[in-house]
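What follows is a single structure, written as structure tokens, with notes after it.
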Amino acid sequence: MEWDLLWKAIIIVLGGTFLLRIAGRKSISQMTLTQTVIMVGIGSLLIQPIAGKSVWSTLIVGLVLVLTLVVMEYVQIKGDSFEKLITGKSKIIIENGVLQEQNLKKLRMTVDQLEMKLRQQSVQRIDDVLWAALEPNGQVALLLKEDLQPATKKDVKELANAIEQLQNLLYQQTGQGQVAQWSEQSQRPDQETIFEEVERKSHKNSPPDHLQ
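Numbering (the working numbering), first residue to last: 13 to 224.
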């Protein structure tokens with residue numbers, strides 16, 4: 013075994029981790045076009061020491077690439093025109109359930125490719141989408157039509173208030189007996205969740221012996 017390759021491999025891992033740390037988390041999670049080019053370049057560079065190239069010159073070139081990326085990102089912060097030139101802007105591809113064919117042609121994106129991205133977000137039909145945009149990192153951001161959007165905590169709270177007002181109205185019109193019975197049935201305590209059992213580290217109701 014050549015010990016030279018061993019210490020080169022260790023330096024490559026440590027140096028590569030350091031370079032990615034400088035590049036930032038955004039560069040790893042959802043890369044733009046510029047970030048992709050830089051990361052591919054770094055990946056190719058890190059292999060060079062194994063082929064006999066100098067490990068230190070490789071890391072220096074990688075550092076220059078990452079610093080170039082950082083400078084370009086700061087330039088984008090300073091001016092919107094630079095951001096549009098370097099990263100690009102979002103493109104509307106669906107508006108009020110209608111495909112924006114011109115933008116799809118400009119993006120060279122087929123309907124099948126769009127439908128694949130919609131399925132990944134559990135969208136059943138294009139008609140269900142109020143608008144959708146293709147982001148510079150290749151992800152599709154979308155907003156469903158109002159009647160298809162999931163309920164928020166605010167919606168649930170408003171519904172609970174409406175039910176409470178209805179109970180009060182029924183109480184005034186039909187008397188206490190029937191409403192009290194209905195209220196008692198609707199306000200039965202919920203069963204303990206499996207998350208609460210984890211927090212308490214015990215079961216409220218013991219499971220069967222063969223499943224413990």
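The beta-carbon is built from N, C-alpha and C at its ideal position, and this holds for glycine as well.
Taking C-beta atoms as the reference points, G27 and L71 count as a pair closer than 7 Å.
Annotated three-state conformation of K169 is helix, per DSSP. Annotated three-state conformation of V135 is coil, per DSSP.
The C-beta of M128 has fewer than 16 other C-beta atoms within 10 Å across all chains shown, which makes the residue exposed. An exposed status is given to L178, since fewer than 16 other beta-carbon atoms sit within 10 Å of its beta-carbon. Of Q136, V73, T46, the smallest CA-CA separation from E85 is found for T46. The segment 142-154 makes contact with the segment 91-109; the number of CB pairs closer than 8 Å reaches 3 or more.
The DSSP-derived three-state label of K157 is coil.
Contact between the segment 132-140 and the segment 154-162 is present: three or more C-beta pairs spanning the two stretches fall below 8 Å. Assigned with DSSP and collapsed to three states, A163 falls in coil, not helix or strand. The C-alpha of V67 lies about 54 Å from the C-alpha of D140. Residue pairing by DSSP puts L146 in a beta bridge opposite K103, V152.
Cβ contact annotation for Q112 (same chain, cutoff 6 Å, sequence separation greater than five): I104, I105, in chain order.
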